[in-house]
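In what follows, a structure is listed as structure tokens, so that the remarks can point back to it.
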Amino acid sequence: MNGPALEVRELVAGYTPEVDILRGVSIEVARDEIVTVLGPNGAGKSTLLAAIAGLVAVRSGTVRLFGDEITGLSAHLAVRRGLVFVPQTANVFARLSVHENLEMGAIAR
65 MNGPALEVRE LVAGYTPEVD ILRGVSIEVA RDEIVTVLGP NGAGKSTLLA
115 AIAGLVAVRS GTVRLFGDEI TGLSAHLAVR RGLVFVPQTA NVFARLSVHE
165 NLEMGAIAR
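All the letters of the sequence shown, read from the start, carry residue numbers 65 to 173 under our numbering.
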């Protein structure tokens, strides 16, 4: 299968209808590529990931996963398509190691 694993084009998204946190964001991630999103506090890094995962409303733009459009899908449907989002927090499951916490995100797949 050719094409990027993840393709985001001209994404506009935010937590409230009045305020766009992301405006015109585009990224492309190739299969087997590791990407880092860097920026200062409040730059929209977490919002970008949450919008891709279906946790934040996307007002315009597209999100494609392995060529299939997933823009606006609810989080559970995005997971069924193969997208996993592990939120940044001190400890999701306090008794598990960091590695085990990350593995929890893959269980639904």
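Note that CB positions come from ideal geometry on N, CA and C, so glycine has one too. From a predicted model like this one, the values you see are computed outputs, not experimental measurements.
Per the DSSP secondary-structure output, T126 pairs in a beta bridge with R73. Distance from the CA atom of G118 to the CA atom of S138, rounded to whole angstroms, is 5 Å. In the structure shown, V99 adopts coil according to DSSP, grouped into three states. Scanning its chain for C-beta atoms nearer than 6 Å, with the 5 sequence neighbours on each side dropped, one finds around E71 the residues E92 and R128, in chain order.
Looking at E74, D96 and A69, the one whose alpha-carbon comes closest to that of L112 is E74.
When secondary structure is reduced to three states using DSSP, S110 falls in the helix class.
Counting every other CB atom within 10 Å of its CB across the protein chains shown gives V89 a total of 16 or more, marking it as buried.
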